[in-house]
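Notes follow the structure.
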Amino acid sequence: MPDESRGHRGDRVLSAAGLDIGGANLKGARDDGLVVTKPFALWHDPAGLARALSELLEALAPFDRLAATMTGELCDCYGGKEEGVLHILAAVEEAAEAPPQVWLLDDGLATLERARSEPLRAAAANWQALAAWAAGLEGNEDSLLIDIGSTTTDIIRLETGAPGPGGLTDSERLQSGELVYTGVRRTPICALLEEADLGGQACPLAAEHFSTTLDAWLLLEEIPETPACVDTADGRPATRPMAHDRLARMLCLDPGELENEAALSLARQVARAQEHKICRAIGRLIEPGKPAGAFISGEGEFLALRALRSLGLEDERTTSMSRLYDPAVSGAACAFALARLASES
Numbered sequence: 496m497p498d499e500s501r502g503h504r505g506d507r508v509l510s511a512a513g514l515d516i517g518g519a520n521l522k523g524a525r526d527d528g529l530v531v532t533k534p535f536a537l538w539h540d541p542a543g544l545a546r547a548l549s550e551l552l553e554a555l556a557p558f559d560r561l562a563a564t565m566t567g568e569l570c571d572c573y574g575g576k577e578e579g580v581l582h583i584l585a586a587v588e589e590a591a592e593a594p595p596q597v598w599l600l601d602d603g604l605a606t607l608e609r610a611r612s613e614p615l616r617a618a619a620a621n622w623q624a625l626a627a628w629a630a631g632l633e634g635n636e637d638s639l640l641i642d643i644g645s646t647t648t649d650i651i652r653l654e655t656g657a658p659g660p661g662g663l664t665d666s667e668r669l670q671s672g673e674l675v676y677t678g679v680r681r682t683p684i685c686a687l688l689e690e691a692d693l694g695g696q697a698c699p700l701a702a703e704h705f706s707t708t709l710d711a712w713l714l715l716e717e718i719p720e721t722p723a724c725v726d727t728a729d730g731r732p733a734t735r736p737m738a739h740d741r742l743a744r745m746l747c748l749d750p751g752e753l754e755n756e757a758a759l760s761l762a763r764q765v766a767r768a769q770e771h772k773i774c775r776a777i778g779r780l781i782e783p784g785k786p787a788g789a790f791i792s793g794e795g796e797f798l799a800l801r802a803l804r805s806l807g808l809e810d811e812r813t814t815s816m817s818r819l820y821d822p823a824v825s826g827a828a829c830a831f832a833l834a835r836l837a838s839e840s
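Under our numbering, think of the first position of the sequence shown as 496, with each following residue one higher.
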């Protein structure tokens with residue numbers, strides 16, 4: 496996806512890259528649309544972060560400018576957010592060939608030294624980079640950004656071409672409804688449902704990390720099977736048969752005891768519960784009587800569409816980042832937005 500608007504140095508096209516460093520995934524994107532993602536359990540291996548970032552940056556090369564943002568500082572391997580931010584910044588510096596820029600809340604791109612001096616402004620700032628970029632796109636002047644990833648959902652008002660958040664920190668945004676701690680892969684089923692309808696009988700679910708939303712969306716064929724992916728509740732492949740097994744365990748059943756139709760019914764109940772959670776958050780953020788356009792991104796675009804349709808809000812003003820670019824770019828929306836912002840700075 497070449498971008499002819501980028502500058503040149505001699506015969507070499509100048510490009511920018513963005514890094515979005517989460518607790519479970521590392522995402523990198525160049526401003527021309529090249530995307531590289533890497534599952535990485537930061538809380539298990541904080542010492543390995545610099546090495547993992549180095550491998551990701553090598554796959555993204557060549558680029559001339561690098562910008563970084565993060566959410567991984569919340570991992571419980573750190574004593575607090577400041578410690579987490581400083582460790583992540585040190586890992587980025589070690590992995591990068593030149594000092595990167597860092598996105599700071601309410602300030603945008605800043606030097607690494609500035610980020611180190613104000614670490615809490617670098618914490619959980621990726622959503623704002625995406626919102627700042629999306630707000631500048633034609634048609635998004637007054638809209639709602641809905642970005643649904645593997646773990647969380649961001650819902651941000653875009654007002655007169657700029658983000659209009661009600662909060663900045665994760666805690667503030669949880670309270671405002673702009674951060675919804677639910678995603679299409681990593682959310683435990685028991686965080687959405689306390690009980691399920693099992694053949695007309697209410698059955699409480701096990702309060703265990705036996706299964707996640709990935710399994711429901713796998714069975715409903717919204718997320719494709721990936722046999723090589725073992726980032727699942729039980730460490731077994733992300734396939735439909737294995738998803739069936741994991742869902743059965745939520746009902747304290749062996750796989751053979753849960754019929755296929757019953758497993759699909761449970762998956763649908765999980766999907767409805769997650770959709771309702773997103774709908775409630777959207778409902779808090781739209782102005783009564785005012786039609787809201789929407790810009791949707793993330794691996795969970797399909798869930799955003801379900802919620803908008805349920806609310807009667809999907810219309811010609813709904814813009815899909817997957818359709819504008821491609822699903823890989825949408826899945827790394829924050830990293831791509833940061834790369835675009837860095838290329839323009």
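Ideal Cβ placement from N, Cα and C applies to all residues, glycine included.
Please read all numbers here as calculations on a predicted model, not as lab measurements.
I need the boundaries of the beta strand (DSSP E) containing PRO699, first residue and last residue. Reading the sequence shown from its first residue, position 204 is the one you call residue 699. For PRO699, the uninterrupted beta strand (DSSP E) segment begins and ends at 696 to 699.
Count the other CB atoms within 10 Å of the CB of ASP527; is the residue buried (16 or more) or exposed (fewer)? As a working note, residue 527 is residue 32 in the sequence shown. It counts as buried.
Length of the line joining the Cα atoms of GLU667 and GLU754: Residue mapping note: residue 667 aligns to position 172 of the sequence shown, counting from 1. Residue mapping note: residue 754 aligns to position 259 of the sequence shown, counting from 1. Cα to Cα, the separation comes out at about 43 Å.
Output needed for ALA697: all residues of its chain with C-beta closer than 8 Å, excluding positions within five of it in sequence on either side, in chain order. Reading the sequence shown from its first residue, position 202 is the one you call residue 697. Closer than 8 Å at the Cβ level, and outside the excluded window around ALA697, lie GLU690 and ALA691.
With a CB to CB cut of under 6 Å and the five nearest residues on each side skipped, what residues in its chain are close to LEU669? Residue mapping note: residue 669 aligns to position 174 of the sequence shown, counting from 1. Closer than 6 Å at the Cβ level, and outside the excluded window around LEU669, lies no residue.
Is VAL725 helix, strand or coil by DSSP? The count along the sequence shown starts at 1 and reaches residue 725 at position 230. If DSSP states are grouped into helix, strand and coil, VAL725 belongs with coil.
Neighbour-count burial assignment, LEU521, 16 or more Cβ in a 10 Å radius: In the sequence shown, counting from the first residue as 1, residue 521 sits at position 26. Buried, because 16 or more other Cβ atoms sit within 10 Å of the Cβ of LEU521.
Continuous alpha helix (DSSP H) assignments of at least 4 residues falling wholly in the region 624 to 679: Taking only runs of at least 4 residues, the alpha helix (DSSP H) segments lying wholly in the region 624 to 679 are 665 to 671.
Taking C-alpha atoms, which residue in ALA768, GLU550, ARG835 and SER612 lies nearest to GLU578? Translated into the one-based positions of the sequence shown, residue 578 becomes position 83. Closest by alpha carbon: SER612.
May I ask you to verify whether the region 650 to 662 touches the region 764 to 784, counting CB pairs closer than 8 Å and requiring at least 3? Yes, they touch.
Excluding the 5 residues preceding and the 5 following TRP538 in the sequence, name in chain order all residues of the same chain whose CB lies nearer than 8 Å to its CB. If you number the sequence shown from 1, residue 538 lands on position 43. Cβ within range, chain order: GLY518, CYS570, ASP571 and CYS572.
Assess, as a yes-or-no matter, whether the region 675 to 690 is touched by the region 652 to 661 under the definition of 3 or more beta carbon pairs within less than 8 Å. The way I'd put it, the region 652 to 661 doesn't touch the region 675 to 690; fewer than three beta-carbon pairs between them come closer than 8 Å.
Which of helix, strand or coil DSSP assigns to PRO594: Mapped onto the sequence shown, residue 594 falls at position 99. It is coil, neither helix nor strand.
Helix, strand or coil for PRO534? Go by DSSP, reduced to three states. By 1-based counting over the sequence shown, the position of residue 534 is 39. The three-state reading of DSSP puts PRO534 in strand, counting E and B together.
Exposure of ARG775, with buried meaning 16 or more beta-carbon neighbours within 10 Å: If you number the sequence shown from 1, residue 775 lands on position 280. So ARG775 ends up on the exposed side.
Beta-carbon within less than 8 Å of ALA768's beta-carbon, same chain only, minus the 5 sequence neighbours each way: which residues are those? Stepping through the sequence shown from its first residue, residue 768 is reached at position 273. Contacts found: LEU687 and LEU688.
Would LEU833 pass as a contact of THR606 if the rule is Cβ separation under 8 Å? Within the sequence shown, numbered from 1, the residue matching residue 833 stands at position 338. Within the sequence shown, numbered from 1, the residue matching residue 606 stands at position 111. THR606 is positioned such that its CB atom lies no closer than 8 Å to that of LEU833.
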